[in-house]
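Peer 1: In the working numbering, each residue carries its 1-based index in the sequence shown increased by 220.
Got a structure here, written out as structure tokens. Questions coming.
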Amino acid sequence: MQSHARALPLSLLLLLTPLACGGDKDGTSESTAGTTDATDATNATSDATEGTDTTAGTDATETGTGSDTETTGAPVECNGGVVDTPIYDPPGDCYNNGGCASCLCVTFRDSPPDPGAMCAEPAGPETRVTGTVLEFPGDAAVSGVKVDIVNAISVLGGIDMAPAVASAMTGGDGRVDLSLVPTDQIGIVAVLTGAGYFATATGIAPPPYEPGNAVHDLYIVPEASVTAWSAALMDDGEIATYLPLGEMGGVVGVARNRYTGTPVAGLTLVSKTNGPDTTAIIRYLNDDGTFNATSTTDTGVYVLVNPSLAEEFEAELDGAVVSTRANKAGSGNGGVFTMNLSIDIDPGFNPFE
221 MQSHARALPL
231 SLLLLLTPLA
241 CGGDKDGTSE
251 STAGTTDATD
261 ATNATSDATE
271 GTDTTAGTDA
281 TETGTGSDTE
291 TTGAPVECNG
301 GVVDTPIYDP
311 PGDCYNNGGC
321 ASCLCVTFRD
331 SPPDPGAMCA
341 EPAGPETRVT
351 GTVLEFPGDA
361 AVSGVKVDIV
371 NAISVLGGID
381 MAPAVASAMT
391 GGDGRVDLSL
401 VPTDQIGIVA
411 VLTGAGYFAT
421 ATGIAPPPYE
431 PGNAVHDLYI
441 VPEASVTAWS
451 AALMDDGEIA
461 TYLPLGEMGG
471 VVGVARNRYT
481 GTPVAGLTLV
491 SKTNGPDTTA
501 IIRYLNDDGT
511 FNATSTTDTG
521 VYVLVNPSLA
531 EEFEAELDGA
541 VVSTRANKAG
551 SGNGGVFTMN
561 LSIDIDPGFN
571 PFE
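As structure tokens, this is what we get:
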């Protein structure tokens, strides 16, 4: 896969505020940003790098830190300051950092939540990064994937060109567990690479950094899927200018029920930032591999291009907002970003009983 290292928009860097990285109430959040013309991108690069340490971070450790202990009643600043009000109690100790007085929920999944999630005590200034690499858009864990934690600002040079400040390889369970001391002023991003997959970026934590990362469902997108979606969209005159996906950036995502992880149909993505004046173009994947411009299908998958600077999106069902929070959309060349939405809809039963 060829890299196209050109300057990217500053909007890319805003993906991580707060819990953006595709953020949501249960800690699911995904990338951010938009696109500008070449002049704006050049200026954005200069502005973003000024006064920012682009090489900060420490080497990863393969094992986590902190002693496991059950605690509740988190400070308000945990979970990005978002107060979570789930319908059902979590199957483990916590859904996210907001469920722990220590502000550290050690969990490896978001949607559905991890039944083994535990509150733990932080180990000094480190941020413990835990998660599971999954093949987009499903639940199959992927082994042999390199997980690079990179400074958000470094993605300006291209998703596949950003230097790592911490790294790990996934084992058979697809899990990653490492620690670092992030100092980037924008945030940290997980860049996933593996044979047969497109370089996939997901924002995982914004500053001020909490003891644990915000996003734990780390999707990696098959090359075949990216190629097929670009081909299916090529005849769509409105979106063709922004293709092929990956080389030209682009955002992919899946809307899933936060309790069951099941894709949710009938949703429409709307711009919280710009409303009907948005310049973003959104298409929803049909079961047969084609796309529609109306709403999600049983796949729950969508493709989004051309968002504006730091534009936030949320999901509506029958005119009501049902996503746990708005997420920022991001894009960068040399790979794809994910922006997944966690949908707070009662499945009609407690899936944890």
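Just so you know, even glycine gets a beta-carbon here, dropped at the ideal spot from N, CA and C.
At the level of alpha carbons, what is the spacing between N371 and S399?
Peer 2: Translated into positions along the sequence shown, residue 371 becomes position 151. Translated into positions along the sequence shown, residue 399 becomes position 179. C-alpha separation (whole angstroms): 14 Å.
Peer 1: Take G539 as the anchor and find which of T558, D455 and S515 has the nearest alpha-carbon.
Peer 2: Within the sequence shown, numbered from 1, the residue matching residue 539 stands at position 319. Closest option to G539, Cα to Cα, is S515.
Peer 1: Under 8 Å: do the region 355 to 364 and the region 336 to 344 share three or more Cβ pairs, one atom per stretch?
Peer 2: Contact fails: fewer than three Cβ-Cβ distances are below 8 Å.
Peer 1: What does the alpha-carbon distance come out to for the pair S445 and D304?
Peer 2: As a position in the sequence shown, residue 445 is number 225, starting the count at 1. As a position in the sequence shown, residue 304 is number 84, starting the count at 1. One C-alpha to the other measures close to 34 Å.
Peer 1: Could you give the residue range of the alpha helix (DSSP H) that holds S543?
Peer 2: By 1-based counting over the sequence shown, the position of residue 543 is 323. Run containing S543: none; DSSP gives neither H nor E here.
Peer 1: For T347, list the residues DSSP reports as bridge partners.
Peer 2: Residue 347 sits at position 127 when you count from the first residue of the sequence shown. Its beta-bridge partners are L400.
Peer 1: How big is the Cα-Cα spacing for D313 and E534?
Peer 2: Against the sequence shown, residue 313 aligns to sequence position 93. Against the sequence shown, residue 534 aligns to sequence position 314. Cα-Cα distance, rounded: 27 Å.
Peer 1: Looking at A500: is its Cβ nearer than 8 Å to the Cβ of P483?
Peer 2: Position 280 of the sequence shown, counted from the start, is the residue given in the question as residue 500. Position 263 of the sequence shown, counted from the start, is the residue given in the question as residue 483. Cβ atoms of A500 and P483: not closer than 8 Å.
Peer 1: Quick check on the DSSP output: the alpha helix (DSSP H) that includes V446 runs from which residue to which?
Peer 2: Indexing the sequence shown from 1 puts residue 446 at position 226. First-last of the alpha helix (DSSP H) with V446: E443 to L453.
Peer 1: Determine which residues share a DSSP beta bridge with P311 and list them.
Peer 2: Against the sequence shown, residue 311 aligns to sequence position 91. In the DSSP output, where bridge partners are listed per residue, P311 has none listed.
Peer 1: How is the beta strand (DSSP E) around I379 delimited, first residue to last?
Peer 2: As a working note, residue 379 is residue 159 in the sequence shown. Neither: I379 is in no beta strand (DSSP E) and is coded neither H nor E.
Peer 1: Hey, how far is the Cα of Y462 from the Cα of Y308?
Peer 2: For the purposes of this step, residue 462 is taken as the residue at position 242 of the sequence shown. For the purposes of this step, residue 308 is taken as the residue at position 88 of the sequence shown. Approximately 41 Å, taken between the alpha carbons.
Peer 1: What residue does the beta strand (DSSP E) around R476 start on, and which one ends it?
Peer 2: Start at 1 with the first residue of the sequence shown, and residue 476 comes out as number 256. V471 to N477 is the extent of the beta strand (DSSP E) around R476.
Peer 1: Go to M468, then tell me how far its beta strand (DSSP E) extends in each direction, as first and last residue.
Peer 2: Within the sequence shown, residue 468 is the residue found at index 248, counting from 1. Segment: none, M468 is in no beta strand (DSSP E) and carries neither H nor E.
Peer 1: Between the beta-carbon of P442 and the beta-carbon of Y417, is there less than 8 Å?
Peer 2: Position 222 of the sequence shown, counted from the start, is the residue given in the question as residue 442. Position 197 of the sequence shown, counted from the start, is the residue given in the question as residue 417. Yes. Within cutoff.
Peer 1: Three or more C-beta pairs under 8 Å: does that hold for the region 400 to 408 against the region 448 to 465?
Peer 2: Segments in contact, no.
Peer 1: Can we say the region 503 to 522 touches the region 542 to 549, given the rule of at least three CB pairs closer than 8 Å?
Peer 2: No: the two stretches stay apart, fewer than three of their Cβ pairs being nearer than 8 Å.
Peer 1: Considering just the uninterrupted stretch of the beta strand (DSSP E) at D368, what are its terminal residues?
Peer 2: Here residue 368 is taken as the residue at index 148 of the sequence shown, counted from 1. From DSSP, the beta strand (DSSP E) with D368 extends over K366 to N371.
Peer 1: Under the three-state reduction of DSSP, which class applies to N570: helix, strand or coil?
Peer 2: Working through the sequence shown from its first residue, we reach residue 570 at position 350. If DSSP states are grouped into helix, strand and coil, N570 belongs with coil.
Peer 1: Using the C-alpha atoms, what's the distance from E536 back to A425?
Peer 2: Reading the sequence shown from its first residue, position 205 is the one you call residue 425. Reading the sequence shown from its first residue, position 316 is the one you call residue 536. Each residue's alpha carbon lies about 25 Å from the other.
Peer 1: Between F572, N570, L561 and P567, which has its C-alpha nearest P357's C-alpha?
Peer 2: Translated into positions along the sequence shown, residue 357 becomes position 137. Checking every option, the nearest Cα to that of P357 belongs to L561.
Peer 1: What residues in its chain sit with their C-beta under 6 Å from that of D260, if we drop five residues either side in the sequence?
Peer 2: On the sequence shown, residue 260 is found 40 positions in, with the first residue counted as 1. Because D260 carries a pLDDT of 38, less than 50, the predicted location of this residue cannot be relied on, and no value is offered for it.
Peer 1: Our contact map puts N317 next to E430 with C-beta atoms below 8 Å; I'd like the distance itself, whole angstroms only.
Peer 2: On the sequence shown, residue 317 is found 97 positions in, with the first residue counted as 1. On the sequence shown, residue 430 is found 210 positions in, with the first residue counted as 1. Contact holds; Cβ gap of about 5 Å.
Peer 1: Within the same chain, show all residues whose beta-carbon is closer than 7 Å to that of P310, passing over the 5 residues directly before and after it, in chain order.
Peer 2: Position 90 of the sequence shown holds residue 310. If we look at P310 and ignore the five residues flanking it on each side, its Cβ neighbours are G319, P333 and A337.
Peer 1: Name the one or two DSSP bridge partners that P483 has.
Peer 2: One-based indexing of the sequence shown puts residue 483 at position 263. Bridge partners of P483: R476.
Peer 1: Apart from the five residues just before and just after I565, which ones in its own chain have a Cβ nearer than 7 Å to its Cβ?
Peer 2: Working through the sequence shown from its first residue, we reach residue 565 at position 345. So the list reads N477, V484 and V542, once near-sequence residues are dropped.
Peer 1: In terms of residue numbering, what span does the beta strand (DSSP E) encompassing Y522 cover?
Peer 2: For the purposes of this step, residue 522 is identified with residue 302 of the sequence shown, where counting begins at 1. Its beta strand (DSSP E) spans residues V521 to V525.
Peer 1: Considering only residues of the same chain and omitting the five flanking positions on each side of N299, which have a CB-CB separation below 6 Å?
Peer 2: In the sequence shown, residue 299 corresponds to position 79, counting from 1. Same-chain partners within the cutoff: N316, N317 and G318.
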